Every structure is written in C-alpha cells, then in structure tokens.
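Peer 1: Got a structure here, written out as structure tokens. Questions coming.
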Amino acid sequence: MNDRITARRLPKKLFTYISLEFFIPFAYCIVGFWGLFILMDLLDALKNLMELDASILQISAFLITHQLVNLKFILPMSLLIAASFMMHRLSRHGETIAIRASGTSLITACMPIWFFALVLSICTAYLNEQVRPLQAMKTEEALQKKLASENPDNDIHHTLAYTNRAQDRNWFFKEFKKGGPYTGVRVKQFREDNSIRWEIHAKRAAYRSGTWIFKDGKRTHYKRDELLPSEPSETFEQYRADNLSETPEQITGTLRTSQTMSTPGILKTLSTNSELPHASNIELRTMLAHRLSFPFACLMGALVGIGFAVSWERGSTLKGFATSIGIIMLYYFIDQAAFTLGRIGYIPAFAGGALPTVLFITIGTVRMIKVR
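Every letter in the sequence shown is one number past the one before it in numbering that gives the first Met the number 0, and letter 143, counting from 1, is 142.
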C-alpha cells in the first residue's frame with residue numbers, strides 16, 4: 000500500500016522537468032501576444048490620444064494600463080498554447096507513455112500547471128476588479144472632456160434625472176459633478192396615489208455626513224389630489240433634509256456603465272436600487288456573472304490545452320495541438336457573443352456571463368479525466 004502511494008506522488012525531478020517544459024513556451028507566448036496587442040493598441044488608439052492632446056507620459060500610462068487589461072485575454076491563450084506545445088513535445092518523444100508507466104497519472108504530472116493556472120486566475124480576477132474599471136473610467140472621462148471642449152454649450156454630461164420608486168421620489172440636477180457641486184436641484188415627493196406631497200427647489204445642494212443640505216431655495220407642500228400648494232412656499236437659505244435616504248453614489252450608480260464598476264459596486268447598485276430600469280438590471284447581472292467566471296478561463300486554457308493535445312498514437316499529437324487552439328478560439332467567440340446577447344437581454348444573465356466558461360471548463364475536465 001505504501002509503495003502505491005509513493006509511486007503516485009510527483010517526483011521532484013519530474014515536477015521540475017514539467018515546469019521548465021511549460022514555462023519556456025509560456026514566456027514566449029506572453030511576449031509575443033503582448034507585442035501584438037501593443038501594436039494593435041497603437042494603431043487603434045494613438046490617433047484618438049493625439050486628438051485629446053495627450054502628453055507622452057499620458058500615452059505611456061494609457062498603454063501600460065491597457066496592456067494590464069489585455070492580460071485577461073493573453074493569459075488563457077498563452078496557457079493553452081504553452082500547455083499544448085508541452086504535451087506535443089512530450090507525446091512526440093514518448094514521454095507521456097513513460098510517465099504513465101511509472102505509475103504517475105498525467106493529472107498528477109501536470110500539477111505545477113494546475114497550480115500556476117489557479118494563481119493566474121486570481122491575478123485575472125484582480126485585474127478585472129482593480130485595473131479594468133479604473134482604465135474604463137479614465138477613458139470615459141477623457142472622452143467626456145473632449146466632447147465638452149468641442150461643444151461647451153452642451154451640458155448633457157452634467158444634467159441628471161433620477162427616480163427612486165421605492166421611496167416615491169424624483170430628483171433633478173441641472174449640474175451634477177462627482178463630489179459636487181450640485182446646482183439647480185429639484186426634489187419631488189409623491190404620495191401612493193402619485194399626487195405630489197412636497198417639492199424642494201434649491202440653487203445648490205451638498206451631501207455631508209449622510210445628510211442632504213439645500214441652499215437658497217424653497218419648500219412647497221401640496222394638497223392631496225390637487226396641483227395647488229396647501230400653503231405658501233417656505234423659502235430658506237439652508238435646509239437640512241434628514242429624511243432623504245439617497246446618496247450621490249446611489250444616484251450616479253444608475254448612470255455609470257457596467258465596465259467602470261467593480262464587483263462590489265455592481266452588487267451594491269443591484270441591492271440598493273431595487274427599481275433599476277430593466278435594461279440596466281440585466282446588463283449589471285450579466286456583467287457580474289462574467290466578472291466572477293471569466294478569471295477561470297486560465298484554468299480552462301490549461302485543461303483544454305493538455306487534454307486535447309494528449310495522444311497515444313504517433314503522428315496525431317499535432318492534430319491535438321491544432322484542435323486545442325481551435326477550441327480556445329471557439330471559446331472566445333462564444334463568450335463574447337453570449338456576453339453581448341446577455342447584456343441586451345436576449346438570453347438569461349447567467350447564460351450570457353458565465354455559461355461559456357463553465358461549459359468549456361467542463362469539456363476540458365471531462366477530456367482530461369478521459370486521457371489521464
């Protein structure tokens with residue numbers, strides 16, 4: 000019994016050998032794909048960056064952050080190609096047969112690759128949470144500045160309307176900027192029968208310590224089922240509204256694109272805005288499912304790359320190598336197509352955001368068990 004257990008353990012020499020056979024082609028793939036993506040970004044974005052009068056430092060910062068974002072696509076492809084190439088070399092020299100003959104399964108022999116794929120999955124999740132939203136937000140801000148400079152009279156990026164159906168309240172801001180100031184503010188409180196209960200008009204507003212403070216305005220109460228005020232409007236220089244539960248983050252959360260939001264931000268928006276428009280709700284749920292599942296594409300790449308490249312017949316290893324590359328290309332196509340359909344509500348959010356990754360991980364796992 001002890002002999003069988005010892006035989007199934009991964010020897011240190013084999014661990015080192017498998018690691019080197021994998022990491023060398025993996026490093027080549029990373030460098031090659033990264034260079035290709037940099038070239039594509041230069042051709043695609045350099046003109047726009049120059050139109051924004053970006054400095055050399057800003058262009059460099061954009062390229063660096065964008066390449067970090069591109070890693071989410073580069074890592075799974077590099078893992079798959081490196082793992083496939085490694086298995087192609089091992090199979091061509093009969094080393095896979097020798098590994099199995101020694102009592103070590105291919106699943107055990109490839110332990111360093113599984114571990115490395117999990118580490119890269121964690122790195123991809125971090126990039127999705129920290130780098131991708133920041134890069135998308137900075138790009139959006141740069142585009143808004145460009146549009147504002149081209150048409151300074153256009154205030155479409157400042158005017159904001161928000162509806163809190165759970166509290167029967169409407170908000171309108173003539174100018175709403177991140178962190179303030181908020182100017183031209185109007186708040187309407189409705190009754191259950193949709194008649195107006197009260198209304199606040201203020202030239203300016205601020206949000207401090209969980210309380211809205213309105214300045215230079217008036218507050219008007221209305222009679223039930225009537226458009227006339229129940230009493231003359233109350234003017235004020237400053238009015239503290241302790242009963243308003245909305246926060247600036249909650250209000251802007253309905254406007255921010257899903258690409259600029261982190262997973263906690265998406266969860267908070269979904270939980271605190273129960274009356275989100277249906278289209279926004281579907282898009283956020285699809286993005287949430289994609290954010291949670293896509294990092295495991297690295298593990299999928301390793302499973303598919305090894306599983307479909309293994310062959311016990313001479314001359315068929317190259318065919319398995321080509322098959323695994325075809326599968327990763329098919330995965331990216333299905334993933335992006337499902338993600339697009341999920342965001343516009345044609346298919347359920349889970350199917351659009353997570354199902355392709357779950358499906359291909361399952362395919363890779365079943366194949367790996369079959370050839371182990």
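Virtual Cβ for every residue (Gly too), placed ideally from N, Cα, C.
Here the structure is a predicted model, which means the values were calculated and not measured.
As an exercise, report each continuous beta strand (DSSP E) stretch of at least 3 residues that is fully enclosed by the stretch 154 to 190, in chain order.
Peer 2: 159 to 163, 168 to 175 and 181 to 189, all fully within the stretch 154 to 190.
Peer 1: Who are the near neighbours of residue 382 in its chain, counting only those whose CB is closer than 6 Å to its CB and skipping five residues on each side?
Peer 2: This structure gives no information on residue 382, because the portion of the chain shown stretches from 0 to 371.
Peer 1: Looking at C-alpha atoms only, which residue of 368, 41 and 187 is the closest neighbour of residue 167?
Peer 2: Among 368, 41 and 187, the Cα nearest to that of residue 167 is on 187.
Peer 1: Is residue 362 helix, strand or coil by DSSP?
Peer 2: DSSP places residue 362 in helix when its eight states are reduced to three.
Peer 1: Shortest alpha-carbon distance to residue 114 belongs to which of 295, 368 and 342?
Peer 2: Nearest C-alpha to residue 114: 295.
Peer 1: According to DSSP, simplified to helix, strand and coil, what is residue 40?
Peer 2: Residue 40: helix per DSSP, three-state reduction.
Peer 1: Comparing C-alpha positions only, which one of 237, 189 and 200 sits nearest to residue 223?
Peer 2: Ranking 237, 189 and 200 by Cα distance to residue 223 puts 189 first.
Peer 1: At 4 residues or longer, and completely inside the stretch 258 to 310: list those alpha helix (DSSP H) runs for me, N to C.
Peer 2: Segments of the alpha helix (DSSP H) lying fully in the stretch 258 to 310: 262 to 271, 277 to 292 and 296 to 306.
Peer 1: Locate the beta strand (DSSP E) running through residue 216, then write down its first and last residues.
Peer 2: Here the beta strand (DSSP E) through residue 216 covers 210 to 220.
Peer 1: Quick check on the burial criterion: 16 or more other C-beta atoms within 10 angstroms. Buried or exposed for residue 401?
Peer 2: Nothing can be reported for residue 401, as the shown portion of the chain is limited to 0 through 371.
Peer 1: Tell me whether residue 3 sits in a helix, a strand or coil according to DSSP, three-state version.
Peer 2: Model confidence at residue 3 stands at a pLDDT of 45, short of 50, so the residue's coordinates are unreliable and nothing is read from them.
Peer 1: Going by C-alpha to C-alpha distance, which of 39, 284 and 30 sits closest to residue 65?
Peer 2: The candidate whose alpha carbon is nearest that of residue 65 is 39.
Peer 1: On the criterion of 16 or more Cβ atoms from any shown chain inside 10 Å, does residue 111 qualify as buried, or is it exposed?
Peer 2: It is buried - the Cβ of residue 111 has at least 16 other Cβ atoms within 10 Å.
Peer 1: Leaving out five residues on either side along the sequence, give the residues of the same chain with a beta carbon under 6 Å from the beta carbon of residue 238.
Peer 2: The answer, listed in chain order, is 213.
Peer 1: Have a look at 196, 162 and 204 and flag the residue whose alpha-carbon is nearest the alpha-carbon of residue 175.
Peer 2: Ranking 196, 162 and 204 by Cα distance to residue 175 puts 204 first.
Peer 1: Given this structure, state the Cα-to-Cα distance separating residue 74 from residue 28, to the nearest angstrom.
Peer 2: For residue 74 and residue 28, the distance between alpha carbons rounds to 9 Å.
Peer 1: Could you give the uninterrupted runs of the alpha helix (DSSP H) lying entirely in the stretch 47 to 101, keeping only those of 4 residues or more?
Peer 2: Segments of the alpha helix (DSSP H) lying fully in the stretch 47 to 101: 55 to 91 and 94 to 100.
Peer 1: Using only the alpha-carbon positions, how far apart do residue 208 and residue 243 sit?
Peer 2: Computed Cα separation, rounded: 12 Å.
Peer 1: Measure the alpha-carbon distance for residue 169 versus residue 284 and round it to whole angstroms.
Peer 2: Each residue's Cα considered, the two are about 25 Å apart.
Peer 1: Applying the criterion that 16 or more other CB atoms from any shown protein chain within 10 Å of the CB defines a buried residue, is residue 71 buried or exposed?
Peer 2: When all chains shown are included, residue 71 counts as buried.
Peer 1: Grouping DSSP H, G and I as helix and E and B as strand, with all else coil, what is residue 198?
Peer 2: Strand at residue 198.
Peer 1: Less than 8 Å between the beta carbons of residue 298 and residue 367, yes or no?
Peer 2: Cβ distance not < 8 Å, so residue 298 and residue 367 don't count as in contact.
Peer 1: Does the separation of the CB atoms of residue 67 and residue 119 fall below 8 Å?
Peer 2: Contact: no.
Peer 1: Measuring straight from C-alpha to C-alpha, what distance separates residue 236 and residue 160?
Peer 2: Roughly 24 Å separates the two Cα atoms.
Peer 1: At the level of alpha carbons, what is the spacing between residue 55 and residue 41?
Peer 2: Rounded to whole angstroms, residue 55 to residue 41 spans 13 Å at the Cα level.
Peer 1: From which residue to which residue does the beta strand (DSSP E) around residue 234 run?
Peer 2: Segment 233 to 240, the beta strand (DSSP E) holding residue 234.
Peer 1: Can you find the residues in the same chain that come closer than 6 Å, C-beta to C-beta, to residue 322, ignoring five residues on each side of it along the sequence?
Peer 2: Cβ within range, chain order: 307.
Peer 1: Tell me, which residues are paired with residue 207 by DSSP?
Peer 2: In the DSSP output, where bridge partners are listed per residue, residue 207 has 210.
Peer 1: Starting from the Cα of residue 108, find the closest Cα among 13, 93, 25 and 362 and give me that residue.
Peer 2: Answer by Cα proximity: 13.
Peer 1: Count the other C-beta atoms from every protein chain shown that fall within 10 angstroms of the C-beta of residue 26, then say buried if there are 16 or more, exposed otherwise.
Peer 2: Its Cβ having fewer than 16 others within 10 Å, residue 26 is exposed.
Peer 1: When burial is assigned at 16 or more other CB atoms within 10 Å of the CB, is residue 230 buried or exposed?
Peer 2: Residue 230 comes out exposed.
Peer 1: Counting C-beta neighbours from all protein chains within 10 Å, is the total for residue 277 16 or more, i.e. buried, or is it exposed?
Peer 2: Residue 277 should be labelled exposed.
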